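Chains as they are written, first to last, in this note's numbering: chain A, 6 to 455; chain B, 6 to 455; chain C, 6 to 455; chain D, 6 to 455. Every residue, glycine too, gets a C-beta built ideally from N, C-alpha and C. All values derive from a computational prediction rather than experimental measurement. These notes are about the structure you will find just below.
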């Protein structure tokens, strides 16, 4: 049986039960939604009765009482809301590494708050959670005018940083500023910090909603189909691969090696390789890469070079951490991510040695385009996606939802508890359709052997 | 209750029963799949037992016996196949208007046939069904080398045409050439012609599979989430809209009017407007557009111009056919499509008159970029998508499936009977999430009144 | 003898004498240039002794006393300047149709004034000369912050309009605002209006410099090698031509017709065709186009279609005004430009008729991308060019030069009197290198005959 | 006095005398040019009487007998030619590093030979001079069909390599293949090798013309205004700089360092910085860069960071070889180029240390995009330029010119002897207009001090 393109039920989802998908709320919804009025009730969900989408929609698993199957709450505007929008103050913070679309999401949240709900007080914290700390810079007011064209630029207009601040310090700041909703744009580490933030808010009995917009250029957060910026990123990588292909074919026995993002998940490497169709091998963290031996990577590569007089290899930064890259130093960055050894440089050197040993006159070209790829503006598709993430984030917040994020399940926007989304990392299913598509496209073996 | 981004169950799908989703096969699968061998059984479906995906995965509808709920067969390679690939001859034909990605699909089919299944005889018919006719040009042999770089160009390397040929004439040609599988890339009209073709094949008792790859730049075929080329097309439209916005803001009271594709469905207009976020109004075929009256479009537009001194309107070509555009002449094109009146020019003229009558000094800029948008090469995302459509089309054909096409349901590639896919047209659900996203983004009313 | 790529002495330049190239100044330069101090004298010209560049550098014409040969003054910073920059107020106005790079020039002028000379009062008039009129909108202050990212957008952040205002009215406005330098970005008509403005300024004895930055997307102003935005525009046209080529080759006997800008000069059509190399014929205003007859255009086109089963034709909007296009209505637009008949539509119709008469089944695709081409942001090369035009404009203005514009002669930036620049229009030299390059590239005849 | 944008007389050109500009020919032109017939004599030069362009067109130097002033021969088709084109066999070779436009030039030469002169035998040597060696691969026949779309790809369809082969070996090969004209696309080292080749050809008394198309992505060859591919390359660099700017502004005290090509000349760095306008400092080989001291680079950079909390620096790979980069190892690559130390990495490390020493919390982002920049397809402007280089190369060769290359002087295409072009390297004139434009744009000092 096969799993499809990053959209199926995760391998370990058998452990997910219905209650894992319940969304926390601040309290009852006492106010009529101004947006629901404007929409004349069209497209509006009734609070507490929003339609739900099955976690597992495969016929083979459709046994037992369907009403008790795990299912996600659909995102969307509600008929009634929790906050009095005439008094509400909201804030936004962008955390972690850059990702295309951050500005679109910030802009979308501001516009939806102003236009959809009449919320006129929106602040942007500067440089990630650092800006919520005691010594953080002053937050900046965000208005439709001030965000009018930020989406034409990459990066984040608010600035970002890695690492978190003490939850008490951050809640002090939110409380002092009278914030009712904090929108958090960030990845795995950021969302874990947000969970701690909610715990502190609850400890104090404050009515502050914390709503996440999941950000991961690697696309490695579960229950969001594809993360915003992912498409833009792998599309930018396609250009880089095309350049490496040109380089590899421009010399006799040219070998191109392109390192792409993907610390724990090879989604960018897989999609970029599929889109370019000139790639001979994709190395991802999910598939071990023995280099030596008759079924190892280097033999395979040599065969390709002998056959075509050029070859192209895409390697995710997290691939081959045990085999190719030198041993890790054990350190972590301020976000708590383990520092990875540089597999790209190591792989390049191993390839050079291999061909030298075999007395094959090959030229290896190594390209590491990371900064370039993550700093571009969002593509049109990601722009649409960011707009939807932003508006659904606002809808959810207005209804008083908290400790949750906007996800996307089987094509619909849904509400996902932060705890569930950070429970385990999304990875390429090596017996699934995405990896098969790569294997069919590159002609590489399903797995490398010694 | 709300329907989500083009991915939900169609409004009239209540009429769809389980048997509507059954796929026709030529006969039993007697051969071991060479691809299944290479994949070592990973990611392979067992013939007749492929996993199935529920048509409706909403909890609220999950009643009754789940095993009898309508469900799609998952696409993917099968463990056993129908054809003896060492002798098989295949052919490809591209029909109807241009659409980004046609060359990617053609290339993908050729590569998967050669590399995945060892099929070395592939022909490309020239200029659509015309090339299958008695007086058609000679088909051209397609090899990995001949298709090596066609995907870098827009359009179709095979040529296309509108209209069909007599089914008997076409089957004569297929039979004479010894074709076992015909891959048909085309839209609604093309698929209907393919159904007639299958009927004639069956009448003669021939073992020719006809597999469709649905092509519709308007994204208006059901059960395919989003059609290939659609993303590329609306992304190209975003640039055009940006230019029109620049024009509209470059003069005092500038009004930009951009006509986009969309004969019966406003998907391109909606997505392009969402991605650009500078649009004040989107007019689509699904929503009537009274121009006059206090709740009509012209009053709304005038308010926007008075407020910002510029405005931007995107109109799908099929919008306002009863109100804005002059009466149709009743004719049809060779594909059988009703010739539409030119709503863009008509709308421009009505806007000019309106402002003249109100003595407002406005300048209207009209842009009709159709040819430009549909002739670009596929974007990276569409390239991935086309590759998947192609390989799944090949997998389906090898297993002897016929009169079916590759669809995509809730994020997974599935098999869809041609009859079901052409039963009715996909349109924007005006109480669904896509239209709400547009309404929230533009600030326009949910519907226009008189 | 041959003239080279738009860079040679114009055909009628024999009539240009040395005094035609003299630049008018407001008065003696009493102030030390702050920029010259910062540059430590490097790269600085001494006032009145700037190096000069020969109008005609061909050896064959290098007779007589070289010191009396017509020569342009080199642009660049001067050691001493006319204005007291601590008190100076400057203004900028953008006139006429949109052209890529307008925002870059506006931004460049502001930055050079602030950073180079310490001028802190810069105003932007709104919507062209309209903004200098009695009822014009308030001008907006321009600062480095306010222009920080305007160059990432096409069009003009100031707005534009066609037509002029009474010179007295405009000088009233300049005088009332205390403007010392007016930078005028505009084309032929705009520059003529600027000459009238200078006359009125002189009549009143005011010390207001008027410095032009020549803007013409058609590249039809003399002594500026290539106008800013021209490269961006023809590059955008190349994409359009590529799309038309895809369309033309996508059907049997497809004929693409692309109308490009070029009212009186075919530079855009020529360069776009050269860059695309898929074009079979280029029709420009400088070369008459008899349609009928054995040496006419239609016979040529038919031969190409018969040979390749597709053909592509680029037509400048000003081509064939006497033969192809219907008779003009004699009207003019507010800039005083004669309204041209629509040659593109007329040509398309004539081609359709021709093939119908010859009973050839051809399909004609017509593309008119004008708005799209002129609204894009400036390319990197044009960005560099705009920066240089802006800074040299500022250098010239600071030295008290007036009634002049920045030109570019044989690769160097020079000062050109407005009267000389508007004396006659630059056109493609049909015995020169550019037209030969087109003829060699397309294979079309040097000229069409009846 | 100031020199203008890379177009003026080189500093050491005082040593150039008229005879240095004379072009060598194989012999008298006995044949009527088929192209001249087709062009009906328009735009054609008479052999031996082609118009000439003054090396120095500045009025201040226009003394003495103008007829003895150094002047270049204008490129262009001649009325009579040396070769019998019905029997002529030509060959093309591409040498050295990749450069955008190589395929355009190859394609242009093939098309002009076929269409303009009826030469039907054109060979492409594989992988540079290696392909002319005794053990070189078989050359491939080049036809209009085989080169039809190579210009849509970057790199070189022929392959390239560094280094040369023994001249005798190469002439053996040319002679054996009956080649009459060899077109050499390459840089400084390649052209020097070509001079040796001509010497060997002359020693043997063979009638083989060797015509160069100068290729240098660094734009560092004299007398060619701007080399093909240069514009494309610096334009690609602008995107990279924009990304680095986004990165630098995305964190608090972010410093971006972008290393660009430019071994001995800073043209790419200068133009890319001018086009992007976000750059705070440009470091080029022509300007020494003391890092320490109050007037050194690091103090300047620190001031910028303190002021704006971000800064951006562009460094050419050949900058700071004596100060910043570690001592060279003295080695050379196969083309004979001295291996440079990696200034980018060294500079990054020095900046990190500096801020650490000053206890400033800064984040340095380092980008080295070399491969990506040189492998892109030619821009439209470069496409036009390549076409002109190609056709003028063919015109020159047909007239029997040899040991020369196509140059561009003050905007016109001219013939330049190889010996003159390789006599010394073109560099940025640090008292000229280009460097002043950079200094005015970035605000950096004209030169750094200790």
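Please check if any C-beta of chain B sits within less than 8 Å of the C-beta of residue i.
i	result
residue 258 of chain A	no
residue 158 of chain C	yes
residue 12 of chain C	In this prediction, residue 12 of chain C scores a pLDDT of 45, lower than 50, which makes its location untrustworthy; the coordinate-derived value is nonetheless stated afterwards. Chain B, which has no Cβ nearer than 8 Å to the Cβ of residue 12 of chain C, makes this no.
residue 220 of chain C	no
residue 453 of chain D	no
What's the call for residue i, buried or exposed, on a 16-neighbour Cβ count within 10 Å?
i	result
residue 82 of chain A	buried
residue 51 of chain D	exposed
residue 223 of chain C	buried
residue 543 of chain C	Here chain C comprises residues numbered 6 to 455, so residue 543 of chain C is not present and cannot be evaluated.
residue 365 of chain C	exposed
residue 312 of chain A	exposed
residue 143 of chain A	exposed
residue 86 of chain B	buried
residue 72 of chain C	exposed
residue 22 of chain A	exposed
residue 431 of chain C	buried
Compare the C-beta of residue i with all C-beta atoms of chain D and state if any pair is closer than 8 Å.
i	result
residue 161 of chain A	yes
residue 154 of chain B	yes
residue 116 of chain A	no
residue 164 of chain A	yes
Kindly give me the distance between the Cβ atoms of residue i and residue j, rounded to whole angstroms, as I take these residues to be in contact under 8 Å.
i	j	result
residue 277 of chain B	residue 64 of chain A	Their Cβ separation, rounded to whole angstroms, is 36 Å, which puts residue 277 of chain B and residue 64 of chain A out of contact at 8 Å.
residue 28 of chain B	residue 420 of chain B	5 Å
residue 118 of chain B	residue 95 of chain B	6 Å
residue 269 of chain A	residue 323 of chain A	5 Å
residue 260 of chain B	residue 443 of chain B	Not confirmed; about 19 Å, so no contact.
Taking Cβ positions only, does residue i come closer than 8 Å to chain C?
i	result
residue 249 of chain B	yes
> At a Cβ cut of 7 Å, what residues of the segment 412-440 of chain C count as close to chain B, listed as they run along the chain?
Replying inline: none
>> For the segment 392-405 of chain B, list every residue whose C-beta sits within 7 Å of some C-beta in chain A, in sequence order.
In response: 392, 393, 396
> Taking only runs of the alpha helix (DSSP H) that begin and end inside the segment 288-335 of chain D, which ones reach a length of at least 4 residues, in chain order?
Replying inline: The segment 288-335 of chain D contains these whole alpha helix (DSSP H) runs: 302-313.
> Whole alpha helix (DSSP H) runs in the segment 388-412 of chain B with 4 or more residues, listed along the chain?
Replying inline: none
> Which runs of the beta strand (DSSP E) fall wholly inside the segment 17-105 of chain D and span at least 3 residues, in chain order?
Replying inline: Fully enclosed beta strand (DSSP E) runs of 3 or longer: 57-59, 76-79, 94-99.
>> Runs of 4 residues minimum, wholly inside the segment 236-287 of chain C: which ones carry the alpha helix (DSSP H) assignment?
In response: 272-281
>> To be precise: take each residue of the segment 15-48 of chain C, compare its Cβ to all Cβ atoms of chain D, and keep it if any distance is under 7 Å. Which residues remain?
In response: 44, 45, 47, 48
>> Can you pull out the residues from the segment 122-153 of chain C whose beta carbon lies closer than 7 Å to at least one beta carbon of chain D?
In response: none
>> Which complete beta strand (DSSP E) runs does the segment 160-191 of chain B hold, if anything under 3 residues is left out?
In response: 186-191
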